[in-house]
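Undergrad:
Residue numbers (this note's numbering), protein chains in the order written: chain A, 1208 to 1442; chain B, 1208 to 1442.
Okay, here's the thing in structure tokens:
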């Protein structure tokens, strides 16, 4: 007989429409936490990833909140249509798809949510490939933010957990498959077309990850020539 | 002749409708910074403080952004109408008017804004009376958050400045008067009535501050009996 969950059994999970946060959510559920999902509508270039995140949360019958925010100052290709989505960004530089302080903002809301519902853990899908480019995915930032947050709130035991931190995309995909993640319900492309473009960094990492995991991306449908053509580069 | 301001001359200022942030804004302008104001509409109990903040920014011809956010999880008397605004809270406990992680969220947006416009300083009106009750006003939190933020962004030199930190309310009012702050354009009451209630903590601190500074609060108009009556307690 299962005991009534303790407060510490609640966990806040940041969910975008992508692979990493989807796998994180499945992992959190497998760990036995009661997950509470946060999805952000920050007026990104397209709403597709939001609908995929919502679909994912609904499929799993997990309670979720969609938080609408605006960052009217732009400064990123993901929020500012005057900046083009690049087709291949240098691996070591901070990409133009970096949104100023995005994860700092997302984590702040999750700290508020966690405090209000009495959750002690916040899960985020940050990992190696991200933190090579995005400073707000790096482990030292996550630890430092956790420390700051615990000084600024009423309850002091909040922990920020990034269970995929040291995994490569292919390992995340393999983990997801073992957890039963339905990757049809994930969207990675920075552009919001009917089908993924296959050319932006996010598509390329995804295709490379599936190729390295030796699994076929379920988004590779027949009507999707660009994506299929791009996929051949990673075999 | 004044030189063209350098990038480092830009400053983001958090502005509520209250006394502390108004004085902070005047101080920032006196220091010679080009101020960029952030005002938050977080669906607080009343919009009055937002209109006072906007009025203040407009009067000073300072550019501002009103950021609309929602914290659907409640957890505070300021956002959740099912929790009553108390008339006298214990000084040492965290008050029910504490909004979970509010300043963490506000500071996160200000870090994003600062990064996007190339500002290096963020000014916040936190001070002693606040940080006795609100953990997200405490100096160790502010320093720790600054350190975390600098790890998570592209430009590493952001500084969070709380110039009123060690001042009592009466000293802040005296400073404001010396800077020419028009206190008619400030609103402190937690309730959003036509006139201040005189009974909530925020009114009480304000009245006490003016009394100790030996100045008459310009909000003490004749049509404002409750507030005037309450004021006599602090003489």
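Think of the CB as a built atom: it goes at the ideal place given N, C-alpha and C, for glycine as much as any other residue.
All of these numbers come straight from a predicted model, not from anything done at the bench.
Does the beta-carbon distance from residue 1411 of chain B to residue 1359 of chain A come in below 9 Å?
TA: Position 204 of the second chain, counted from the start, is the residue given in the question as residue 1411 of chain B. Position 152 of the first chain, counted from the start, is the residue given in the question as residue 1359 of chain A. No, the pair does not count as a contact, with Cβ atoms beyond the cut-off.
Undergrad: Of the residues A/1245, A/1246, A/1231, which one's Cα is nearest the Cα of residue 1239 of chain A?
TA: For the purposes of this step, residue 1239 of chain A is identified with residue 32 of the first chain, where counting begins at 1. Checking every option, the nearest Cα to that of residue 1239 of chain A belongs to A/1231.
Undergrad: Kindly indicate which residue of B/1361, B/1357, B/1397, B/1421 has the alpha-carbon position closest to the one of residue 1253 of chain B.
TA: Here residue 1253 of chain B refers to the residue found at position 46 when the second chain is read from its first residue. Comparing Cα positions, the closest option is B/1397.
Undergrad: Helix, strand or coil, according to DSSP, for residue 1388 of chain A in the structure here?
TA: Position 181 of the first chain, counting from 1, holds the residue named residue 1388 of chain A. In this structure, residue 1388 of chain A counts as coil in the three-state DSSP scheme.
Undergrad: Would you identify the three-state DSSP class for residue 1436 of chain B, choosing helix, strand or coil?
TA: If you number the second chain from 1, residue 1436 of chain B lands on position 229. The answer is helix: DSSP assigns residue 1436 of chain B an H, G or I state.
Undergrad: Find out if the Cβ-Cβ distance for the pair residue 1352 of chain B, residue 1379 of chain B is shorter than 9 Å.
TA: Along the second chain, one-based indexing puts residue 1352 of chain B at 145. Along the second chain, one-based indexing puts residue 1379 of chain B at 172. It is not a contact, given that the beta carbons lie outside the stated cut-off.
Undergrad: Okay, do the segment 1280-1287 of chain A and the segment 1316-1331 of chain B touch, 3+ Cβ pairs below 8 Å being the bar?
TA: The segment 1280-1287 of chain A is in contact with the segment 1316-1331 of chain B.
Undergrad: If you measure from the beta carbon of residue 1315 of chain A to each beta carbon in chain B, is any gap under 9 Å?
TA: By one-based count along the first chain, residue 1315 of chain A stands at place 108. Yes, its Cβ sits closer than 9 Å to a Cβ of chain B.
Undergrad: Does the beta-carbon distance from residue 1313 of chain B to residue 1234 of chain B come in below 9 Å?
TA: In the second chain, the residue the question calls residue 1313 of chain B occupies position 106. In the second chain, the residue the question calls residue 1234 of chain B occupies position 27. Cβ distance not < 9 Å, so residue 1313 of chain B and residue 1234 of chain B don't count as in contact.
Undergrad: Between the segment 1433-1441 of chain A and the segment 1398-1410 of chain A, do three or more beta carbon pairs fall short of 8 Å?
TA: yes
Undergrad: Whole angstroms is fine: what's the gap from residue 1246 of chain A's alpha carbon to residue 1348 of chain A's?
TA: Against the first chain, residue 1246 of chain A aligns to sequence position 39. Against the first chain, residue 1348 of chain A aligns to sequence position 141. Computed Cα separation, rounded: 21 Å.
Undergrad: Can you grab the Cα-Cα spacing for the pair residue 1263 of chain A / residue 1266 of chain B, in whole Å?
TA: Your numbering for residue 1263 of chain A matches position 56 in the first chain. Your numbering for residue 1266 of chain B matches position 59 in the second chain. If I take the Cα positions, the gap works out to 48 Å.
Undergrad: Looking only at its own chain, which residues have a Cβ that is under 7 Å from the Cβ of residue 1288 of chain B, when we skip the five neighbours before and after it?
TA: Here the question's residue 1288 of chain B lines up with position 81 in the second chain. Around residue 1288 of chain B: 1252.
Undergrad: Using the rule of at least 16 other Cβ atoms within 10 Å of the residue's Cβ for burial, across every protein chain shown, is residue 1387 of chain A buried or exposed?
TA: Along the first chain, read from residue 1 onward, the residue named residue 1387 of chain A stands at position 180. The residue is exposed, with fewer than 16 neighbouring Cβ atoms inside 10 Å.
Undergrad: With a CB to CB cut of under 8 Å and the five nearest residues on each side skipped, what residues in its chain are close to residue 1237 of chain B?
TA: The residue given as residue 1237 of chain B occupies position 30 in the second chain. Excluding sequence neighbours, residue 1237 of chain B sits near 1386.
Undergrad: On the CB-based measure, 16 or more other CB atoms within 10 Å of its CB, does residue 1300 of chain B come out buried or exposed?
TA: The residue given as residue 1300 of chain B occupies position 93 in the second chain. By the C-beta density criterion, residue 1300 of chain B is exposed, having fewer than 16 other C-beta atoms within 10 angstroms.
Undergrad: Under 8 Å by Cβ, that's how I've got residue 1328 of chain B and residue 1218 of chain B pegged, so tell me the actual separation to the nearest angstrom.
TA: Position 121 of the second chain holds residue 1328 of chain B. Position 11 of the second chain holds residue 1218 of chain B. In this structure, residue 1328 of chain B and residue 1218 of chain B form a Cβ contact; the two beta carbons are roughly 4 Å apart against a cut-off of 8 Å.
Undergrad: Compute the distance between the beta-carbons of residue 1371 of chain B and residue 1216 of chain B, then report whether it is under 9 Å.
TA: Position 164 of the second chain holds residue 1371 of chain B. Position 9 of the second chain holds residue 1216 of chain B. Taking 9 Å as the Cβ cut-off, residue 1371 of chain B and residue 1216 of chain B do not qualify as a contacting pair.
Undergrad: Using only alpha-carbon positions, find the residue among A/1426, A/1428, A/1377 that is nearest to residue 1416 of chain A.
TA: Looking up residue 1416 of chain A in the first chain gives position 209. The candidate whose alpha carbon is nearest that of residue 1416 of chain A is A/1377.
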